[in-house]
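Have a look at the structure below before the remarks.
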Amino acid sequence: MHTIGSWWRASSRGRSSLNRRRYPAPAGRALLRAAALLLSLTIAVPTAAIARSLAASDVVLDLSPATDLLATWPKAGTGTADAPRRVRAAERRAALALGQTPAYRALRAFIAAENRCTLADAEFARAVTHPDSTLCGLSLQPAYVDRDQIRALAAELHSYSDSLAIWIAAEAGRYLPMAEEWRPVRFWFVVSSRWSFDAVTLSPELAGTTEPIVLINLTEVIGYGANTNERVRTLAHVMAHEAFHSALRQRERLLVGWAKYQQPIRSPLDYIARVMTDEGVAHWIDWGGRPGADSIFTRSVPGPHEAKAFDQLAIATRRVRDRDSDFEGRTEVLQMASNGPLWSKYGAISGMFAAYRIESQLGLDSLRAAVTGGPSEFLKMYGRVAAADTLLKRVPAALGGG
Ligand SMILES: [Zn+2]
113 MHTIGSWWRA SSRGRSSLNR RRYPAPAGRA LLRAAALLLS LTIAVPTAAI ARSLAASDVV
173 LDLSPATDLL ATWPKAGTGT ADAPRRVRAA ERRAALALGQ TPAYRALRAF IAAENRCTLA
233 DAEFARAVTH PDSTLCGLSL QPAYVDRDQI RALAAELHSY SDSLAIWIAA EAGRYLPMAE
293 EWRPVRFWFV VSSRWSFDAV TLSPELAGTT EPIVLINLTE VIGYGANTNE RVRTLAHVMA
353 HEAFHSALRQ RERLLVGWAK YQQPIRSPLD YIARVMTDEG VAHWIDWGGR PGADSIFTRS
413 VPGPHEAKAF DQLAIATRRV RDRDSDFEGR TEVLQMASNG PLWSKYGAIS GMFAAYRIES
473 QLGLDSLRAA VTGGPSEFLK MYGRVAAADT LLKRVPAALG GG
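Converting from the sequence shown to this note's numbering requires adding 112 to each position, the first position being numbered 1.
Put into structure tokens, the structure is as follows:
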């Protein structure tokens with residue numbers, strides 16, 4: 113298990129032993145020691161840690177929330193899909209205890225926020241012991257039916273967790289700002305409803321934790337492919353996407369260029385700019401390496417998805433600035449920036465193509481600098497790329513891309 117800060121503590125020890133070699137004669141050394149002791153008693157000496165990229169040891173995969181829930185269900189054939197079964201008191205206690213674990217507490221908090229409905233302890237337990245019941249939008253029946261496939265998926269993810277962590281850290285890490293210290297990017301794998309969510313990064317406040325948490329719903333991941341291998345391959349892209357969000361949340365509050373983009377964001381334009389950067393780069397990480405990416409990311413002329421996303425962005429920017437339009441309408445336009453069908457998410461998708469254009473024209477280091485610089489810098493940088501190529505779509509001037 114990775115412990116917070118272990119990397120820089122180890123390296124700072126190494127540095128101090130190097131320094132010692134340059135110390136002068138023994139008498140001088142004693143004097144220096146006394147001076148150092150006096151200093152250490154009066155002021156805290158700052159540790160000069162080296163900024164580094166996200167590493168595999170920062171990415172922590174925890175499959176036990178999913179496997180613990182699956183363990184309460186019989187293998188296919190004995191319970192089949194025909195729940196409810198006869199439930200023993202020990203099974204009910206196990207289901208209640210499961211609802212109290214950090215991962216399912218976080219899931220319940222997410223469900224409560226999404227569905228505006230609180231799932232009581234007993235209700236969560238009932239959803240587990242009687243999967244055919246739907247409580248507060250939670251229905252485990254699809255998971256119950258697919259339980260053996262989900263078990264196989266969890267086992268495969270467990271056996272590949274080291275290589276997945278390496279791949280995810282590399283994919284997300286090369287776009288993230290450097291940091292002296294990273295807190296763990298935690299993935300909690302759970303079993304939840306179908307058609308609800310596949311992966312989500314929860315804030316520490318919502319998750320009840322000290323760092324952001326990524327929940328992965330394995331029930332939904334079953335829909336990623338026809339077999340376990342295909343599912344794991346697709347999930348790796350999705351996990352890199354979420355790792356970017358989760359790790360960026362750690363850094364952004366310390367970066368000047370992100371100061372005005374912290375939640376809650378008052379300005380609709382700042383909100384869209386944030387989505388374009390945060391979701392845009394996450395989508396680029398997610399989709400840039402998938403099979404068939406060549407047909408989406410077209411070198412010379414923008415393809416239909418790219419053109420549509422920027423057209424929708426222009427329309428949305430006009431609508432949220434229109435003071436005559438109603439509040440609900442403007443809120444809906446803002447939600448569509450990052451919610452709904454993939455190609456309709458005008459903020460996330462225009463941002464994804466902006467990230468692609470920045471990287472292919474100016475290089476990876478420039479895109480990383482744009483992320484570190486914040487949404488305003490990201491849009492300005494894309495603006496320069498688009499200004500140099502008349503075929504590329506422009507970002508509306510109101511968003512600061514001009
Ligand atoms: Zn995202």
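By construction, the Cβ of each residue, glycine as well, lies at the ideal position given by its N, Cα and C atoms.
DSSP-derived helix/strand/coil call for residue i
i	result
residue 508	coil
residue 297	strand
residue 213	coil
residue 241	helix
residue 200	coil
residue 469	helix
residue 457	coil
residue 344	helix
residue 96	With the chain running from 113 to 514 in the structure shown, residue 96 is simply not present.
residue 412	coil
residue 181	helix
residue 503	coil
residue 231	coil
residue 188	coil
residue 475	coil
Cut-off 7 Å between Cβ atoms - residues of its own chain near residue i, not counting five sequence neighbours on either side
i	result
residue 223	231, 248, 249, 250
residue 408	399, 415, 417
residue 208	233, 237
residue 235	247, 248
residue 137	Since pLDDT at residue 137 reaches only 40, below the 50 mark, its modelled position is unreliable, and the value read off the structure follows with that caveat. Closer than 7 Å at the Cβ level, and outside the excluded window around residue 137, lies no residue.
residue 180	210
residue 421	458, 461, 462, 465
residue 134	Here the model assigns residue 134 a pLDDT of 32, short of 50, so the residue's position is not dependable, and the following value carries that caveat. Nothing meets the Cβ criterion.
residue 367	289, 484, 486
residue 270	175
residue 213	177
residue 476	286
residue 468	396, 400, 409
Cβ-based neighbour list, residue i, same chain, cut-off 6 Å, excluding 5 preceding and 5 following
i	result
residue 425	458, 462
residue 501	none
residue 243	195, 252, 253, 256
residue 100	Past the edges of the chain, shown from 113 to 514, lies residue 100, and the structure says nothing about it.
residue 498	504, 506
residue 356	284, 394, 397
residue 273	173
residue 139	Annotation note: pLDDT 47 at residue 139 (below 50); position unreliable, coordinate value reported separately. None.
residue 445	428, 431, 432
residue 370	364, 486
residue 413	503
residue 525	With the chain covering 113 to 514 only, the question about residue 525 has no answer from this structure.
Residue i versus the options, residue with shortest Cα-Cα distance
i	options	result
residue 218	185, 319, 274	319
residue 324	311, 184, 343, 297	297
residue 312	276, 416, 471, 450	450
residue 183	263, 163, 208, 161	263
residue 335	433, 317, 309	309
residue 482	166, 386, 343, 444	386
residue 375	245, 413, 317	317
residue 410	473, 435, 364, 478	473
residue 302	168, 228, 265, 186	265
residue 203	216, 239, 170	239
residue 107	268, 453, 442	Nothing about residue 107 can be reported from this structure: the residues present for the chain run from 113 to 514 only.
residue 442	478, 453, 307, 384	384
residue 382	373, 390, 389	373
residue 188	259, 275, 494	259
residue 305	333, 315, 510	333
residue 275	220, 388, 169	169
residue 480	496, 435, 360	360
residue 225	404, 315, 454	315
residue 216	321, 200, 201	321
Beta-ladder partner(s) of residue i, from DSSP
i	result
residue 104	This structure cannot settle anything about residue 104, because the visible part of the chain is limited to 113 through 514.
residue 246	251
residue 220	Answer is none; residue 220 lacks a bridge partner.
residue 164	291
Nonlocal neighbours in the same chain, by C-beta distance under 8 Å from residue i, ignoring five residues either side
i	result
residue 352	279, 280, 283, 284, 397, 398
residue 456	424, 448
residue 401	283, 349
residue 437	431
residue 167	119, 281, 285, 294
residue 227	248, 249
_Quick check for students: name the residue ranges of the alpha helix (DSSP H) that lie wholly in the segment 417 to 453, counting only runs of 4 or more._
If one requires a minimum length of 4 residues, the alpha helix (DSSP H) runs lying completely within the segment 417 to 453 are 439 to 447, in chain order.
Q.
At 4 residues or longer, what runs of the alpha helix (DSSP H) sit wholly inside the segment 350 to 403?
A. Annotation note: the segment 350 to 403 contains the following uninterrupted alpha helix (DSSP H) runs of length 4 or greater, listed N- to C-terminal: 380 to 399.
Note down, one range per segment and in chain order, each beta strand (DSSP E) of at least 3 residues found wholly within the segment 258 to 339. Here the runs fully enclosed are 297 to 302, 311 to 314, 325 to 329.
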